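Structure, as C-alpha cells:
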Amino acid sequence: MITLFNSDDEAVVVEESEMPMAAAIAEFLTINDWNDQIKQIEAGESARLVYTMTLEGLDIKFFVESFESRSEIRIYGYSPFSVPPKKMAEVSRLLNMINMQWDTGRFSCYDDDDSNSIQYRHNQIYLDECSGQMVDKLTDIARYAWENFGEIISSVVFTKISAKDAWAEYRKSRQKKQNESDNEDDEGAPSEL
1 MITLFNSDDE AVVVEESEMP MAAAIAEFLT INDWNDQIKQ IEAGESARLV YTMTLEGLDI
61 KFFVESFESR SEIRIYGYSP FSVPPKKMAE VSRLLNMINM QWDTGRFSCY DDDDSNSIQY
121 RHNQIYLDEC SGQMVDKLTD IARYAWENFG EIISSVVFTK ISAKDAWAEY RKSRQKKQNE
181 SDNEDDEGAP SEL
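At position 102 of the sequence shown the residue is numbered 102 (this note's numbering), and the sequence of numbers has no breaks.
Take a look at the structure:
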C-alpha cells in the first residue's frame, strides 16, 4: 500500500500493484528517509513528488512524475532564477553547448512568460519495471547535471560573460581537474627502470 495525496491534501491509499511507478517513487522516499508527500495528479494514472535541493548554492526544485499507462518516470529540475529576456539568446547558446555533450537529458529555457526558469529534464524513461533504487539513480543523474552545469549557467545569466567564453572556461577547468586526477592515480605507480 502507498499513500498519495489528492489536490485537497486528503490521503488516498492505493495498492502498489495499481500504481507501480508511483510505488517506486514512494520507495525512493523510504530509501532517502524523506517524509515528502507524493501528490496524485490523476487517479490511477499519474503522481508527482516535488522537493528542493541546494546544489552549488542553487535551490533546485525537482519534480519526479510517474505515468502508469506508459510505464514512464520523468525527472525535472528547475532553476531558482529567471533568465532576463535580454540574456535569453546567450543562455540558449550555452544550453545548446551543454546539451551537445550531455546525453542523459537536456537543459532548456522557454521564453514564454515571466518565469523563464531553466529546466533540466531527463530523456523520457520507459520502464517495464521500476524500483526506488532506479528512481534514486535517475534523480542522482539530474542532481549531477545541476552540480556539473549550474555554476556555468548562472555565470551566463548573471554576468557579462558570453556562452562561448563560459564554455571554454568550463572545459578548461574540467581538463585541469582530469589532469590532476590522472596525476594522483600515477603517484602510486612504479617508475620505469
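Just so you know, even glycine gets a beta-carbon here, dropped at the ideal spot from N, CA and C. Please read these numbers as outputs of a predicted model, since none were measured by experiment.
Worksheet item: Taking just the CA atoms, how far does threonine 104 sit from serine 117?
Response: Computed Cα separation, rounded: 20 Å.
Worksheet item: In angstroms, rounded to a whole number, what distance separates the CA positions of alanine 168 and phenylalanine 149?
Response: The straight-line gap from Cα to Cα measures roughly 13 Å.
Worksheet entry | At least 3 beta-carbon pairs within less than 8 Å: the segment 88-95 vs the segment 50-60 | Not touching, per the Cβ criterion.
Discussion item. Given this structure, state the Cα-to-Cα distance separating glutamate 280 from arginine 93, to the nearest angstrom.
Written reply: Residue 280 lies beyond the range of the chain shown here (1 to 193); nothing can be said about it.
Fill in: Residue from Ile31, Val13, Ile60 and Ser66 whose Cα sits closest to the Cα of aspartate 128
Residue Ser66 holds the alpha-carbon nearest to the alpha-carbon of aspartate 128 among Ile31, Val13, Ile60 and Ser66.
Worksheet entry | Spatial distance of tryptophan 164 from isoleucine 75 (CA atoms) | Residue identity check: residue 164 is lysine in the sequence provided, not tryptophan. C-alpha separation (whole angstroms): 28 Å.
Discussion item. Taking the alpha helix (DSSP H) that proline 20 belongs to, which residues open and close that run?
Written reply: Note, proline 20: alpha helix (DSSP H), 20-31.
Fill in: Contact set for glutamine 40: own chain, Cβ-Cβ below 6 Å, skip 5 residues either direction
If we look at glutamine 40 and ignore the five residues flanking it on each side, its Cβ neighbours are Leu4, Asn6, Val12 and Ala47.
Discussion item. Please return the same chain residues whose Cβ sits closer than 7 Å to the Cβ of leucine 193, not counting the five positions on each side in sequence.
Written reply: With a pLDDT of only 44 at leucine 193, under the threshold of 50, the placement of this residue in the model should not be trusted, and no figure is reported.
Worksheet item: Within 7 Å: the Cβ of valine 83 and any heavy atom of the ligand NAP?
Response: In terms of ligand content, the structure shown is empty, and the ligand NAP therefore cannot be addressed.
Worksheet entry | Nearest to valine 83 (by Cα), restricted to the options Val156, Arg174 and Ser181 | When C-alpha distances from valine 83 are compared across Val156, Arg174 and Ser181, the shortest belongs to Val156.
Item to complete: Taking proline 80 as the reference, give the member of Arg70, Ile152, Ala142 and Leu58 with the closest Cα.
Response: The option with the nearest alpha carbon to proline 80 is Leu58.
Worksheet item: Bridge partners of leucine 55, per DSSP?
Response: Note: leucine 55 sits in a beta bridge opposite Leu58.
Worksheet item: Is alanine 145 buried or exposed, if buried means 16 or more other CB atoms sit within 10 Å of its CB?
Response: Counting Cβ neighbours within 10 Å, alanine 145 comes out buried, since at least 16 surround it.
Worksheet item: With distances taken between CB atoms, is the gap from glutamate 56 to glutamate 180 smaller than 8 Å?
Response: In this structure, glutamate 180 does not lie closer than 8 Å to glutamate 56 by Cβ.
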